[in-house]
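Each residue of the sequence shown is one higher than the last, beginning at 3 in the working numbering.
For glycine and all other residues, C-beta sits at the position ideal for the given N, C-alpha and C.
Heads up, the thing below is written out as structure tokens.
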Amino acid sequence: MAESTAKIAEAETQKAKAAQLNVQLKSKIEFQKNKLALHKQQSDNEIAALKQELEEAKIIVDSGEGNKEIVFKYTELKEKMKLERERIAAQAKAAEDNNDNKEDDNGE
């Protein structure tokens, strides 16, 4: 009888530890999600600013007032936007892969 009670107590202890670990892991995942959401928002803001600059450059070039320097800046800005989009896509993919790996490690 005492052995049975000890096994039940040990099982309850293990259950409590598992529940505690589950809460810790969920909070870590939630923290990472929030961190990624903030990073995405910052990146979206950067892209919006770059798009605005690009639109301004397009207006200047299209108005016929553009010279070689303006055309160069326009082209350079266009390339920066392309690189920024690629960087953000790569970061999002890496974060998604990292999140998937964490879920796999947690048995979810």
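- Query: Does the pairing of the region 75 to 88 with the region 10 to 29 give three or more beta-carbon distances under 8 Å?
  - Reply: no
- Starting from Asn47, trace the alpha helix (DSSP H) both ways and give me its first and last residue. 4 to 64
- Three-state secondary structure (DSSP) at Asn103? helix
- Which residues in the same chain as Val63 place their Cβ atom closer than 7 Å to its Cβ, once the five residues preceding and following it in sequence are excluded? Ile72, Val73, Tyr76
- Message: Since Glu86 and Glu48 should fall inside the 8 Å C-beta cutoff, what is the C-beta to C-beta distance between them, to a whole number of angstroms?
- Response: 7 Å
- Skipping 5 residues on each side, what residues in its chain have a beta carbon closer than 6 Å to that of Lys17? none
- Given a cut-off of 8 Å, decide if Asn101 and Gln34 are closer than it, judged by their beta-carbon atoms. yes
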